[in-house]
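Structure first, then comments.
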Amino acid sequence: MILMFVYNILGWLKDSFDLTLTKLKYVVSKVAIFVTVFVILIWFSAFLYGSFYFAYMPPVSLTRPVNLQFKICEDGIGMCSYPADNITLVQEGQTEVFARGESYNIKMDTELPESPINKELGMFMVKLQLYDKTGEVVSSSSRSVMLHYRSELLRIMDTFVFSPLLLSGFVEQKQFLTVEFYNNYIDDSYNPAVGAYIEVQNKKIQIYSAVLKIHAHFTGLRYMLFHWPLLSAVIGTTLNMCLLSFIALLSWYQIYYSQSNGNSNSLELPETKTKNKTAMEERRRNIREMLAKERKATEDQMVGKSQSYPEMRYSKLETMVSRGMGEDPEECLISEKTLEDSESESTLRHRHTVMS
1 MILMFVYNIL
11 GWLKDSFDLT
21 LTKLKYVVSK
31 VAIFVTVFVI
41 LIWFSAFLYG
51 SFYFAYMPPV
61 SLTRPVNLQF
71 KICEDGIGMC
81 SYPADNITLV
91 QEGQTEVFAR
101 GESYNIKMDT
111 ELPESPINKE
121 LGMFMVKLQL
131 YDKTGEVVSS
141 SSRSVMLHYR
151 SELLRIMDTF
161 VFSPLLLSGF
171 VEQKQFLTVE
181 FYNNYIDDSY
191 NPAVGAYIEV
201 QNKKIQIYSA
211 VLKIHAHFTG
221 LRYMLFHWPL
231 LSAVIGTTLN
241 MCLLSFIALL
251 SWYQIYYSQS
261 NGNSNSLELP
271 ETKTKNKTAM
281 EERRRNIREM
291 LAKERKATED
301 QMVGKSQSYP
311 EMRYSKLETM
321 VSRGMGEDPE
331 ECLISEKTLE
341 DSESESTLRH
351 RHTVMS
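Be aware that the sequence shown starts at 1, since it is given in UniProt numbering, and climbs by one per residue.
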């Protein structure tokens, strides 16, 4: 009794353990599938957002060095033309440098020494021309520039204070000038600019270096993507993930629904065959019953018509018996029936011969 109880307890524990293990395997497999799909959706959503960002967002700033060139006079001393430079804005493989509908700030930063010649120049003009791929000028701008004024006393004090740095070479006596050509430039979508021509309209000016800078003023979605990149990335990735999840759910539902329909059709097929077979057998049974009823009705009619004839023959037989012929009426009927059957068979045989 005790051994049987222990055996039942062990069997119950084993069944419970097997059931729990099966449920655990099922849950773990489902969680693993969910985590895998979730990670794939996150990575794919981030990839889509990154692709959209790099395709939609143009460069926020563009910097090109300005290498001023000029013609030397015939005597080999001084400049006989304005210093100018032709700059290509687009890189290799690009067709446009300005985003459509966006405004840009275009300026040039110059570095000039505080030389006596530059001090005596006063104001001078700087000209910028933007041209398209055919070389036609699409926009032009000119600005006046001059060095910042400083008195002799201020220059002496500045030299005295910064003399250690000036002597060591960490500081130079120079000025930085910014020439702003455009504050809100919008490129023509049909004739986009691909290059710039800069000209400094002074033959005596001395310039250390110059740099052309283009900075975009984004608006709308580009403004949000540029100024709040982290928030934009989170929102964009979330939207992409929701869209991909919706597509994945629709695909799963379509596959599952088609499979369930296929299984239901395969399950219903034998039942349909059985129902069709049963209906056919029922139809055959009804037809047989109808034929049997018609045959019975025909036989009843035939029996009703020929009922008087057997009675007459039977009475004749009885008369013959009563007259002493010594035959049984029933035996006479049987012999007469046999004769009629043989006659009917010979008739059928004759009909068959004629038809053949």
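Just so it is clear, CB atoms sit at the ideal spot from N, CA and C, and this is done for glycine as well.
Is it right to say Ile106 is buried, meaning 16 or more other beta carbons lie within 10 angstroms of its own, or is it exposed?
buried
Nearest-angstrom Cα distance between Ala84 and Tyr149?
26 Å
Which residues in the same chain have their Cβ closer than 8 Å to the Cβ of Leu121, if we skip the five residues on either side of it in sequence?
Met146, Leu147, Asn202, Lys204, Ile205
Taking its Cβ as the centre, do 16 or more other Cβ atoms sit within 10 Å of Asp188, making it buried, or is it exposed?
Classified as exposed, Asp188 has fewer than 16 neighbouring CB atoms from the shown chains inside 10 Å of its CB.
Report the rounded CA-to-CA distance for Glu152 versus Lys213, giving the unit in angstroms.
33 Å
Let's test the definition: count the other Cβ atoms within 10 Å of the Cβ of Asn286 and tell me whether it reaches 16, buried, or not, exposed.
exposed
Distance, Cα to Cα, Thr134 vs Gln94?
15 Å
Taking DSSP as the reference, what is the three-state secondary structure of Pro192?
Residue state, collapsed to three classes: coil.
Locate the beta strand (DSSP E) running through Asn105, then write down its first and last residues.
103-113
Among Leu19, Thr110, Leu10, which has the Cα closest to the Cα of Val211?
Thr110
Give me the Cα-Cα distance between Phe226 and Val234, rounded to the nearest whole angstrom.
14 Å
To the nearest angstrom, how far is the alpha carbon of Tyr223 from that of His217?
Approximately 8 Å, taken between the alpha carbons.
Please classify Met325 as buried or exposed, where buried requires at least 16 neighbouring CB atoms within 10 angstroms.
Legend: pLDDT at Met325 = 43, less than 50; position of this residue unreliable, value from coordinates given subsequently. Exposed.
Rank Ser245, Gly101, Ala297, Met280 by C-alpha distance to the C-alpha of Gly220 and give the top, closest one.
Gly101
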